[in-house]
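Q:
Residue numbers (our numbering), protein chains in the order written: chain A, 1 to 109; chain B, 1 to 139.
1. What span of residues does the alpha helix (DSSP H) with residue 97(B) cover, start to end?
2. Where does residue 116(A) sit, in a helix, a strand or coil, going by DSSP?
3. Any heavy atom of the ligand GTP closer than 6 angstroms to the CB of residue 99(A)?
4. Enumerate in chain order the residues of its own chain whose CB-to-CB distance from residue 107(B) is below 8 angstroms, with the five nearest sequence positions on each side excluded.
5. For residue 72(A), collect the residues of the same chain with a Cβ closer than 8 angstroms to its Cβ; drop the 5 residues on either side in sequence, then sort them by chain order.
6. Does residue 115(B) come out as helix, strand or coil in the three-state DSSP assignment?
7. Please list the residues of the segment 74–91 of chain B that have a C-beta atom closer than 7 angstroms to any C-beta atom in chain A, keeping them in chain order.
8. Using three-state DSSP, classify residue 62(B) as helix, strand or coil.
9. Whole angstroms are fine: how far does the CA of residue 9(A) sit from the CA of residue 123(A)?
10. Does the distance from the C-beta atom of residue 83(B) to that of residue 109(A) stay below 7 angstroms?
11. Helix, strand or coil: how does DSSP classify residue 109(B) here?
12. Counting beta carbon pairs with one atom in the segment 89–106 of chain A and one in the segment 119–134 of chain B, are three or more of them shorter than 8 angstroms?
13. The beta strand (DSSP E) with residue 106(A) in it runs from where to where?
14. Give a yes or no on contact between the segment 86–93 of chain B and the segment 34–43 of chain B, applying the rule of three or more CB pairs nearer than 8 angstroms.
15. With a CB to CB cut of under 7 angstroms and the five nearest residues on each side skipped, what residues in its chain are close to residue 6(B)?
16. If I'm right that residue 85(A) touches residue 17(B) with Cβ under 8 angstroms, what's the distance once you round it to whole angstroms?
17. Out of curiosity, what's the CA-to-CA distance linking residue 113(B) and residue 46(A)?
18. Can you name, in chain order, every residue of its own chain whose Cβ lies under 7 angstroms from the Cβ of residue 2(B), other than the five neighbours on each side?
19. Is there a C-beta anywhere in chain B that falls below 7 angstroms from the one on residue 72(A)?
20. Kindly confirm or deny that the segment 42–57 of chain B and the segment 66–73 of chain B touch, where touching means at least three C-beta pairs closer than 8 angstroms.
21. Check distances from the C-beta atoms of the segment 32–45 of chain B to those of chain A and list, in chain order, the residues that come in under 8 angstroms.
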């Protein structure tokens, strides 16, 4: 009889222990999940702000390519300005009495 | 390209060639002198084109224009004498100063002026545009 009650007692305590263990596990799991969810929220927020930043960069890029500093800010020849240079003793090719004169400065390298 | 312009407007356009040998091209000045001197022997155009075609070799061979002149049948000794005359040196100096004093911004070569105006590019179309406008004015 005594032996039997001991057996029951052990069974009871061990099952109680198991249940409490299980409960403790669910609690920590829930904690972990909520932590992951919190982190996910933070990550999503970061992605969103990155996307916004990227959109801004794209806009800037588009604006920059429209006014490419290398191409557009290069000082263009003024089509209306006239620089008078005499023919002098320089070599002439073509009709010497032509109405239009192209003056070329050149270098052999 | 300029040759194409001269062909396109054989009566209306002439080309005036001025030297601007860049100081960092050591052989450019000597080449300019030889080519200019070839004018005395009536072979300016020929030597000009031969030197232009082979300009890459100039860097390592300053005497290249003399070799090319020989191939074209010029009197090379006379060419040397003429090339080193003060008249030719003066002419090149004058031509360099003409660009320097012209007021043209950005003194790069080749540099073109069409009746004193800078074309908006170095294409047949860009040149033709200025030429046509100039011809209209003169009519």
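In this text, a Cβ means the ideal position worked out from N, Cα and C, and glycines have one as well.
A: Taking the structure as given:
1. Walking along the second chain from the start, residue 97(B) turns up at place 97. Taken as a continuous stretch (DSSP letters only), the alpha helix (DSSP H) holding residue 97(B) covers 86–100.
2. Outside the shown range of chain A, which is 1 to 109, sits residue 116(A), and nothing can be said about it.
3. Within the structure as shown, the ligand GTP is missing, as the structure has no ligands at all.
4. Looking up residue 107(B) in the second chain gives position 107. So the list reads 20, 99, 100, once near-sequence residues are dropped.
5. Position 72 of the first chain holds residue 72(A). The predicted position of residue 72(A) is uncertain, since its pLDDT is 48 and thus under 50; a value taken from the coordinates is nonetheless stated next. No residues qualify anywhere along the chain.
6. Taking the second chain and counting its residues from 1, the one referred to as residue 115(B) is at position 115. Residue 115(B): coil per DSSP, three-state reduction.
7. 91
8. Stepping through the second chain from its first residue, residue 62(B) is reached at position 62. Here residue 62(B) sits in coil by DSSP.
9. With chain A covering 1 to 109 only, the question about residue 123(A) has no answer from this structure.
10. By 1-based counting over the second chain, the position of residue 83(B) is 83. By 1-based counting over the first chain, the position of residue 109(A) is 109. Result no, Cβ atoms of residue 83(B) and residue 109(A) do not sit closer than 7 angstroms.
11. The residue given as residue 109(B) occupies position 109 in the second chain. If DSSP states are grouped into helix, strand and coil, residue 109(B) belongs with coil.
12. Yes, they touch.
13. The residue given as residue 106(A) occupies position 106 in the first chain. First-last of the beta strand (DSSP E) with residue 106(A): 100–106.
14. Yes, the segment 86–93 of chain B touches the segment 34–43 of chain B.
15. Position 6 of the second chain, counted from the first residue, corresponds to residue 6(B). Closer than 7 angstroms at Cβ, skipping near neighbours: 13, 15.
16. Within the first chain, the letter at position 85 stands for residue 85(A). Within the second chain, the letter at position 17 stands for residue 17(B). With a Cβ gap of about 12 angstroms, residue 85(A) and residue 17(B) do not count as contacting.
17. Residue mapping note: residue 113(B) aligns to position 113 of the second chain, counting from 1. Residue mapping note: residue 46(A) aligns to position 46 of the first chain, counting from 1. Roughly 58 angstroms separates the two Cα atoms.
18. Mapped onto the second chain, residue 2(B) falls at position 2. Counting only residues of its own chain and dropping the five nearest sequence neighbours on each side, residue 2(B) has a CB closer than 7 angstroms to the CB of 15.
19. Translated into positions along the first chain, residue 72(A) becomes position 72. Annotation note: pLDDT 48 at residue 72(A) (below 50); position unreliable, no value reported.
20. yes
21. 32, 35, 36, 39, 44, 45
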